[in-house]
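Throughout the sequence shown, residue numbering follows my numbering, covering 5 to 386 in sequence.
Report on the structure given below.
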Amino acid sequence: MSRASSETSIFTEMTELARRTGAVNLGQGVPDLDSPPALLAGVSAAVLAGRNQYPPAAGHPALRAAVAAHQRAHYGLDFAPEAEVLVTTGATEALAAACLALTGPGDEILTLDPAYDAYPADARLSGARLVSVPLTLDGDGFALDADALAAAVTPRTRLLLLNSPHNPAGKVLDDAELAAVAELCRERDLTVVTDEVYEHLVYDGRHRPIATLPGMRERTLTISSAGKTFNVTGWKVGWITGPARLVAAVASVKQWLTYASGTPYQEAIALMLGEVGPWAAGLRATLRAHRDLLTAGLAEAGLRPLRAEAGYFVQADIRGWGAADGLRFCRELPERAGVVAIPTSAFRQGEDPAPWLVRFSFCRRAEPLREAVERLAKAASQ
Ligand SMILES: *Cc1c(COP(=O)(O)O)cnc(C)c1O
Numbered sequence: 005m006s007r008a009s010s011e012t013s014i015f016t017e018m019t020e021l022a023r024r025t026g027a028v029n030l031g032q033g034v035p036d037l038d039s040p041p042a043l044l045a046g047v048s049a050a051v052l053a054g055r056n057q058y059p060p061a062a063g064h065p066a067l068r069a070a071v072a073a074h075q076r077a078h079y080g081l082d083f084a085p086e087a088e089v090l091v092t093t094g095a096t097e098a099l100a101a102a103c104l105a106l107t108g109p110g111d112e113i114l115t116l117d118p119a120y121d122a123y124p125a126d127a128r129l130s131g132a133r134l135v136s137v138p139l140t141l142d143g144d145g146f147a148l149d150a151d152a153l154a155a156a157v158t159p160r161t162r163l164l165l166l167n168s169p170h171n172p173a174g175k176v177l178d179d180a181e182l183a184a185v186a187e188l189c190r191e192r193d194l195t196v197v198t199d200e201v202y203e204h205l206v207y208d209g210r211h212r213p214i215a216t217l218p219g220m221r222e223r224t225l226t227i228s229s230a231g232k233t234f235n236v237t238g239w240k241v242g243w244i245t246g247p248a249r250l251v252a253a254v255a256s257v258k259q260w261l262t263y264a265s266g267t268p269y270q271e272a273i274a275l276m277l278g279e280v281g282p283w284a285a286g287l288r289a290t291l292r293a294h295r296d297l298l299t300a301g302l303a304e305a306g307l308r309p310l311r312a313e314a315g316y317f318v319q320a321d322i323r324g325w326g327a328a329d330g331l332r333f334c335r336e337l338p339e340r341a342g343v344v345a346i347p348t349s350a351f352r353q354g355e356d357p358a359p360w361l362v363r364f365s366f367c368r369r370a371e372p373l374r375e376a377v378e379r380l381a382k383a384a385s386q
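Shown next, in the form of structure tokens:
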């Protein structure tokens, strides 16, 4: 079985286990939190007003303008809406189109390990080799090994595929780490594709796009999406910003993947993006509290949690329960405790230095999270 199909099966297997056993599903990163009512109303209004045909291939002009305004307001980055912003079918399409546009057989894509499951799949689609550099465990969190990253660059390295805030690690690259990555990219003339879908979900510290560092704007494609920011993961509206020549390359591939999608969603998101600040502050407060609840519950149950600075997930060390193999642990956890988690090893490419890590998600409502925490405490005491 290929890695792709075995990875798919762990998510399918765990979701099926949750359904069969009635376990609380903290495996998948699918939020069940509310969305801004104005955003939902905006979609209905757009549908009923007849905005139901293809948008321009590059995206609804209002959304491209809103994305450019967002990058300027939040990060001081200037992009021309006509040539430097491309709307995509979720961040997923942006990632695939960028890999297909910029790499091919014989090329290497450098990324961090663990990694979001689309990255190895996208590398395979383009025929490129994915080279993974492990994030190192550093006390109760993860750190970037800048020397290891530099050592992994070869003459075939075409792309650095970065993800900060990181899924599944919950890691936000700090200023020193970003500076080291930027220096490496300038020195080795690397193009960066950076997945920043959790840009508004940083609980400790702040998000800083790598494109804001000196010399980086001209070599970076920045990807984001409405899914995680507004709890609308089923809408699949994403976008990519960057210098015109790179955006044009991605657009030429994207045209033959989906051409365009989601006109009424794009129109509604365009209206909402300008007001993302107050909305995201509220969502962050909720998710920070959920992160704290889950983190405290895991610690209480003897499953040592790692620091989750951002995103949807906490990794926990299962060795406190006498376990060492995350996959086996996750297969047994629904029966043992009534909770579903995903082994962090599912996101590993190379040798796994920490097969005893398991990923729990906290993007659920408070009630299922409290229930999960109580169940873990009960199982721990048995
Ligand atoms: C959820 C997620 C995506 C996918 O985003 P869509 O807009 O739903 O396609 C991409 N990257 C990371 C790291 C994610 O967690």
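Quick reminder that beta carbons are idealized off the backbone N, C-alpha and C, glycines included.
CA nearest to the CA of residue i, picked from the options
i: residue 296; options: 285, 316 and 279; result: 316
i: residue 381; options: 338, 306 and 359; result: 306
i: residue 350; options: 20, 288, 172 and 198; result: 172
i: residue 268; options: 288, 247, 333 and 241; result: 241
i: residue 78; options: 212, 362 and 246; result: 212
i: residue 384; options: 361, 360, 323 and 373; result: 323
i: residue 259; options: 66, 21, 102 and 289; result: 102
i: residue 277; options: 222, 159, 304 and 234; result: 234
i: residue 1; options: 209, 221 and 180; result: Nothing about residue 1 can be reported from this structure: the residues present for the chain run from 5 to 386 only.
i: residue 104; options: 117, 49, 23 and 124; result: 124
i: residue 265; options: 53, 32 and 59; result: 59
i: residue 22; options: 357, 335 and 362; result: 335
i: residue 372; options: 314, 15, 26 and 16; result: 26
i: residue 370; options: 116, 348, 287 and 53; result: 287
i: residue 181; options: 70, 148 and 198; result: 148
i: residue 248; options: 43, 226 and 298; result: 226
i: residue 378; options: 145, 128, 341 and 177; result: 341
i: residue 209; options: 179, 195, 228 and 132; result: 179
i: residue 203; options: 229, 195, 196 and 42; result: 229
i: residue 49; options: 19, 35 and 275; result: 275
i: residue 304; options: 19, 57 and 325; result: 325
i: residue 155; options: 285, 115 and 333; result: 115
i: residue 197; options: 52, 98 and 374; result: 98
i: residue 145; options: 386, 374, 361 and 368; result: 361
i: residue 201; options: 33, 80 and 19; result: 33
Cβ pair residue i, residue j closer than 8 Å
i: residue 64; j: residue 280; result: no
i: residue 263; j: residue 61; result: yes
i: residue 91; j: residue 68; result: yes
i: residue 130; j: residue 119; result: no
i: residue 4; j: residue 366; result: Residue 4 lies beyond the stretch modelled for the chain, which goes from 5 to 386, so this question has no answer here.
i: residue 37; j: residue 343; result: no
i: residue 231; j: residue 224; result: no
i: residue 190; j: residue 107; result: no
i: residue 301; j: residue 138; result: no
i: residue 110; j: residue 160; result: yes
i: residue 89; j: residue 72; result: yes
i: residue 28; j: residue 376; result: yes
i: residue 122; j: residue 96; result: yes
i: residue 113; j: residue 165; result: yes
i: residue 143; j: residue 312; result: no
i: residue 1; j: residue 309; result: The first residue shown for the chain is 5 and the last is 386, placing residue 1 beyond what the model contains.
i: residue 40; j: residue 283; result: yes
i: residue 358; j: residue 141; result: yes
i: residue 100; j: residue 126; result: yes
i: residue 205; j: residue 314; result: yes
i: residue 15; j: residue 346; result: yes
i: residue 318; j: residue 299; result: yes
i: residue 271; j: residue 66; result: yes
i: residue 195; j: residue 250; result: yes
Start-to-end residues for the beta strand (DSSP E) that takes in residue i
i: residue 282; result: From DSSP, residue 282 is part of no beta strand (DSSP E) but of the alpha helix (DSSP H) over 280-304.
i: residue 136; result: 133-138
i: residue 4; result: In this structure the chain extends from 5 to 386, so residue 4 is not present and cannot be described.
i: residue 177; result: Premise fails: residue 177 is in no beta strand (DSSP E) and is neither H nor E.
i: residue 163; result: 161-167
Residue i, enclosing alpha helix (DSSP H) - first and last residue
i: residue 201; result: Here residue 201 belongs to no alpha helix (DSSP H), and DSSP marks it neither H nor E.
i: residue 217; result: Neither: residue 217 is in no alpha helix (DSSP H) and is coded neither H nor E.
i: residue 194; result: First-last for residue 194: undefined, no H or E at that position.
i: residue 374; result: 370-384
i: residue 153; result: 150-155
i: residue 277; result: 267-277
i: residue 224; result: Where residue 224 is concerned, there is no enclosing alpha helix (DSSP H), although the beta strand (DSSP E) it sits in stretches over 224-229.
Is there contact here, the segment 248-268 with the segment 323-333, by at least three beta-carbon pairs under 8 Å?
no
Complete alpha helix (DSSP H) runs within the segment 49-123 (minimum length 4 residues, chain order):
65-79 and 94-106
Where are the beta strand (DSSP E) runs, 3 residues long or more, that stay fully inside the segment 319-366, in chain order?
361-365
Below 8 Å, can you find three or more Cβ-Cβ pairs linking the segment 164-184 to the segment 77-90?
no
Three or more C-beta pairs under 8 Å: does that hold for the segment 205-221 against the segment 179-194?
yes
Output the residue ranges of the alpha helix (DSSP H) runs that lie fully inside the segment 238-263 and measure 4 residues or longer, sorted by chain position.
248-261
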